[in-house]
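J.: Counting from 0, one number per residue, gives the positions in the sequence shown under numbering that gives the first Met the number 0.
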Amino acid sequence: MTFVIGENCIKCKYTDCVEVCPVDCFYEGPNFLVIHPDECIDCALCEPECPANAIFSEDEVPDDQQEYIELNAELSEVWPNITEKKDPLPDAEQWDGVKGKLEHLER
Ligand code: SF4
Ligand code: F3S
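1) Is the stretch 13 to 25 touching the stretch 75 to 90 in the sense that three or more CB pairs, one from each, lie closer than 8 Å?
2) In three-state DSSP terms, what is residue 33?
3) Taking the alpha helix (DSSP H) that residue 67 falls in, what are its first and last residues?
4) Whole angstroms are fine: how far does the CA of residue 98 sit from the CA of residue 6?
5) Can residue 73 be considered in contact with the ligand F3S, in the sense that its beta carbon sits closer than 7 Å to one or more heavy atoms?
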């Protein structure tokens, strides 16, 4: 089992999640974070920390976001590790809750 970051992180990237992870398994792209599925120990600490409610247990990922399971696995192999909180993206509040953000994902 792992936790998975879903679409509402895109263009928000609040990064509160990285502060609580005991195994530092978050990886950062230009406008999205992912969790490395082989490193996550399923502690659930990060889920309530996300202001955008973008983090799910793997078995609770919404049906319309199933592709994010593979996306987290793929991108966590290529993006750099992030362990400290930073400022959210400038328009995070405006993008919080917007649907269909996958087209805005920058790699
Ligand atoms: Fe890290 Fe725990 Fe969240 Fe997994 S569930 S990403 S180990 S804080
Ligand atoms: Fe993204 Fe939420 Fe973390 S918006 S960066 S998953 S705190």
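Positions of the beta carbon are idealized from the N, C-alpha and C atoms, including for glycine.
T.: Reading it off the structure:
1) yes
2) Here residue 33 is taken as the residue at index 34 of the sequence shown, counted from 1. It is a strand residue.
3) For the purposes of this step, residue 67 is taken as residue 68 along the sequence shown, with counting starting at 1. It spans 66 to 74 - the alpha helix (DSSP H) in which residue 67 sits, taken as one unbroken run.
4) If you number the sequence shown from 1, residue 6 lands on position 7. If you number the sequence shown from 1, residue 98 lands on position 99. Approximately 8 Å, taken between the alpha carbons.
5) Within the sequence shown, the letter at position 74 stands for residue 73. For the ligand F3S, not one heavy atom lies less than 7 Å from the Cβ of residue 73.
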